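Novice:
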Amino acid sequence: MFEADQSRLPEVDEKSNSLKVAIKAKDQYGPVLKEPGHNPLRPKERWVRCVAFDPTNDFFVTGAADRMIKVWDFASGTLKLTLTGHISTVRGVVVSARHPYLFSCGEDKTVRCWDLEQNKVIRHYHGHMSAVYDIDIHPTIDVVLTCGRDATARVWDMRTKVNVHTLTGHSNTVATVRCQESDPQVITGSHDATVRLWDLAAGRTIACLTNHKKSVRAICIHPTQNAFVSGSPDNIKQWKLPNGVFLQNLSGHNAIINAITVNQDNVVVSGGDNGSVHFWDWKSGYNFQRLQAQVQPGSIDSEAGIFALAFDRSGSRLVSCEADKSIKIFKEDESAVIGLFVVI
């Protein structure tokens with residue numbers, strides 16, 4: 200069992216009511232993480248690179264360096280289905296809320312649409328000149344967004360497979376892309392240390408945010424607020440939309456940030472290449488919990504990296520995908536004063 204470091208609680212200020220509660224309840228600021236009662240899911244022979252939940256919360260999907268996509272029953276943690284077809288690492292997966300489709304992308308330069316009723320690929324999207332690193336779908340129109348090592352993001356018509364726009368402007372790998380219904384409908388982060396906001400209809404840059412000094416590998420849009428967060432080795436930054444106004448830094452996660460996610464309760468979670476997972480309060484920026492991934496038997500210490508994080512639809516469960524080939528599921532500790540998480 201890991202214990203919270205009570206000696207490092209910050210001074211009370213006026214920023215956050217939740218922060219004040221945590222300080223007042225210092226004596227109760229107890230267990231943070233319990234050792235798992237069973238082994239984490241270890242389905243892969245290679246790194247697990249991406250994860251996505253389906254809209255019903257019944258299952259989640261992972262992609263890995265073994266070129267396979269696996270569909271898992273969320274309640275039991277059992278494997279439901281394995282999809283094969285990619286010939287290199289699967290880097291991104293996303294499940295449609297409007298169609299029985301799963302979309303994937305990978306280092307084989309391909310983007311694929313899988314019909315989950317037939318469990319087979321029904322469409323390929325060709326155009327990227329190099330590895331495709333991330334994928335997202337528009338919540339209300341039939342558009343797929345991808346990005347990759349060719350320094351572009353691409354907009355695809357889901358049904359016709361037409362490359363509607365090629366979003367150019369980044370000078371290095373585009374590592375992450377996110378899409379939303381309101382403007383700006385597309386946000387990208389790149390190894391050129393910039394974040395770009397895009398006009399989806401026109402296919403052009405609205406704003407280029409240059410506050411980061413190192414590569415941006417992860418972006419997450421807040422589920423209920425018109426804002427987003429971006430992760431980089433220099434720090435994590437919060438931004439206000441639609442114009443990309445800088446809000447604050449979340450400082451202290453001294454690692455390459457590979458993954459970041461936010462739930463509706465204002466909990467931000469970041470995962471680093473050194474196996475560290477940090478939990479933050481969105482409003483105050485307070486880092487209220489830190490975990491260190493424990494590599495599974497048969498893995499080496501250098502395989503402690505976190506590659507992907509995703510909250511389930513309720514925001515009370517968190518899935519992590521790790522370099523030791525494991526998938527871990529965390530749940531919120533309902534007995535804690537503030538939102539702490541334990542492994543299940």
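Residue numbers (my numbering): 200 to 543. For every residue, glycine included, the Cβ atom is placed at its ideal position computed from N, Cα and C. These numbers were taken from a predicted model, which means no experiment stands behind them.
Using the three-state DSSP reduction, which class does Glu316 fall into: helix, strand or coil?
Specialist: Looking at Glu316 - three-state DSSP - the assignment turns out to be coil, as it is neither helix nor strand.
Novice: Using the Cα positions of Asp472 and Ile455, report the straight-line distance between them to the nearest angstrom.
Specialist: Straight-line Cα distance between these residues: approximately 5 Å.
Novice: Just confirm the distance between the C-beta atoms of Asp398 and Pro422, as a whole number of angstroms; I'd bet it's less than 8 Å.
Specialist: Not really, about 23 Å apart at Cβ, beyond 8 Å.
Novice: Which same chain residues end up closer than 7 Å to Asp307 when comparing Cβ atoms and leaving out the 5 residues on each side of it in sequence?
Specialist: His285, Ile286 and Ser287.
Novice: Is the beta carbon of Asp341 less than 8 Å from the beta carbon of Met357?
Specialist: Yes.
Novice: If I measure Cβ to Cβ from Ala264 and keep anything under 7 Å in the same chain, skipping five residues before and after, which residues do I get?
Specialist: Excluding sequence neighbours, Ala264 sits near Arg245, Trp246, Arg248 and Thr288.
Novice: Give the single residue among Gly470, Arg516, Ala401 and Phe252 whose Cα lies nearest to the Cα of Lys530.
Specialist: Nearest option by C-alpha distance: Arg516.
Novice: By alpha-carbon positions, which one of Val310, Gly326, Thr460 and Met328 ends up nearest to Val320?
Specialist: Among Val310, Gly326, Thr460 and Met328, the Cα nearest to that of Val320 is on Val310.
Novice: What are the start and end residues of each continuous beta strand (DSSP E) run of 3 or more residues lying completely inside the segment 440-524, in chain order?
Specialist: Complete beta strand (DSSP E) runs here, min 3: 444-449, 456-461, 466-471, 475-480, 486-491, 505-510 and 516-521.
Novice: Report yes if the CB atom of Ala492 is closer than 8 Å to the CB atom of Ala503, and no otherwise.
Specialist: Yes.
Novice: Where do the N-terminal and C-terminal ends of the beta strand (DSSP E) with Leu396 fall, by residue?
Specialist: Val394 to Asp398 is the extent of the beta strand (DSSP E) around Leu396.
Novice: Can you find the residues in the same chain that come closer than 7 Å, C-beta to C-beta, to Asn453, ignoring five residues on each side of it along the sequence?
Specialist: Result list for Asn453: empty, nothing under 7 Å.
Novice: Assuming the contact rule is C-beta atoms closer than 8 Å, Pro432 and Lys413 should be a hit. Round their C-beta distance to whole Å, please.
Specialist: That pair is a contact at about 4 Å.
Novice: Just tell me which of Phe445, Arg416 and Asn434 has its CA closest to the CA of Ala426.
Specialist: Closest by alpha carbon: Phe445.
Novice: Going by CA-CA distance only, name the one from Gly326, Met328 and Tyr300 that's closest to Gln317.
Specialist: Considering only alpha carbons, the answer is Tyr300.
Novice: Among Asn434, Gly291 and Val354, which one has its Cα closest to the Cα of Thr375?
Specialist: Closest by alpha carbon: Gly291.
Novice: Short of 8 Å in beta carbon distance, which residues of its chain neighbour Asn256, apart from the five on each side in sequence? Order them along the chain.
Specialist: Contacts found: Phe273, Asp511, Arg512 and Ser513.
Novice: Measuring only the C-alpha atoms, how far is Asn486 from Asp391?
Specialist: Computed Cα separation, rounded: 27 Å.
Novice: If I'm right that Gly368 touches Arg348 with Cβ under 8 Å, what's the distance once you round it to whole angstroms?
Specialist: So it is not a contact: roughly 15 Å between Cβ atoms.
Novice: In this structure, does DSSP put Ala264 in helix, strand or coil?
Specialist: DSSP places Ala264 in coil when its eight states are reduced to three.
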